[in-house]
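Numbering (our numbering), first residue to last: 81 to 334.
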């Protein structure tokens with residue numbers, strides 16, 4: 081088969097599957113037939129079919145779960161970094177369902193990277209909370225929270241599956257004043273890939289966020305790993321920023 085012929089067949093398979101998705105015949109969250117079944121249906125090779133599936137995956141139309149197969153992607157979560165509400169509230173307002181599972185909670189020595197982000201001295205200790213979050217039953221976010229222990233005494237005895245943003249406010253009287261963050265595409269590796277049910281090396285979106293309280297003190301840092309097809313970042317530059325903020329104000333997804 082020539083390269084041109086193969087590209088044409090990939091485009092036709094992609095368009096056919098996309099039409100099925102757009103019409104609702106393949107609904108959000110629905111599982112696609114196996115690759116073997118699809119290759120027989122379209123009378124093509126597994127390699128050609130895989131190219132079409134990967135094209136749809138790159139567009140965010142379908143997604144893979146390692147060892148489970150291909151699924152139709154649900155609508156992306158609209159996320160505005162300037163939105164001043166915690167994660168659960170933002171999700172509920174978009175008529176979605178969120179579930180949070182705590183993977184671990186422990187104390188650790190800060191890595192050089194975390195020490196730089198949180199402006200810590202050498203060999204400082206941090207509290208680490210690892211959580212997994214699902215939208216409408218689908219795992220989409222693996223997040224590591226790094227807290228300064230002196231700001232949150234006794235927090236490890238709390239229910240850490242709840243909103244950390246609310247917990248900070250109600251127990252410790254700490255309110256987020258502003259945040260600064262870095263956003264970059266990366267690849268899922270190790271624990272991140274396993275938690276998000278992705279093959280090692282799959283594309284994901286990383287958001288690293290450093291948070292300041294009402295006294296402009298750095299109190300924690302979140303490192304979020306999103307399935308790339310689960311989120312749409314949206315920022316309106318016309319939204320008023322609080323006077324004195326040196327960076328875009330953002331409410332962490334706690």
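Virtual Cβ for every residue (Gly too), placed ideally from N, Cα, C. All values reported here derive from a predicted model rather than from experimental measurement.
Item	Value
At a cut of 8 Å, does the region 114-125 reach the region 85-99 through at least three beta carbon pairs?	yes
Answer with buried or exposed for residue 128, where buried requires no fewer than 16 other C-beta atoms within 10 angstroms of its C-beta.	buried
Using alpha carbons as the reference points, say which of 215, 97 and 307 lies closest to residue 172.	215
Here's the rule: buried if 16 or more other CB atoms are within 10 angstroms of the residue's CB, otherwise exposed. What is residue 194?	buried
Determine, using beta carbons only, whether residue 273 and residue 262 come nearer to each other than 8 Å.	no
Please classify residue 264: is it buried, with 16 or more other beta-carbons within 10 angstroms of its beta-carbon, or exposed?	exposed
Following the continuous beta strand (DSSP E) through residue 271, name the residue where it begins and the one where it ends.	Run containing residue 271: none in the beta strand (DSSP E); it sits in the alpha helix (DSSP H), 270-275.
Measure the CB-CB distance between residue 126 and residue 137 and report whether it falls below 8 Å.	no
Which stretch, first to last residue, makes up the alpha helix (DSSP H) that contains residue 300?	No alpha helix (DSSP H) contains residue 300, which is instead part of the beta strand (DSSP E) from 298-307.
Measure the alpha-carbon distance for residue 321 versus residue 213 and round it to whole angstroms.	Note that residue 321 scores a pLDDT of 48, beneath 50, so its modelled location is shaky; the value from the coordinates is reported in the next line. So the two alpha carbons sit approximately 29 Å from each other.
Does DSSP put residue 156 in a helix, a strand or coil?	coil
Note down, in chain order, each residue of its chain lying with its Cβ closer than 8 Å to the Cβ of residue 98, except the 5 sequence neighbours on either side.	136 and 141
Which one of 270, 266 and 291 has the shortest CA to CA distance from residue 306?	266
What are the residues that DSSP puts in a beta bridge with residue 262?	288
Check residue 151 in the structure and name its three-state DSSP category.	strand
In this structure, how does DSSP classify residue 283 when only helix, strand and coil are distinguished?	strand
Below 8 Å between beta carbons: does that hold for residue 259 and residue 160?	no
Measuring only the C-alpha atoms, how far is residue 154 from residue 218?	9 Å
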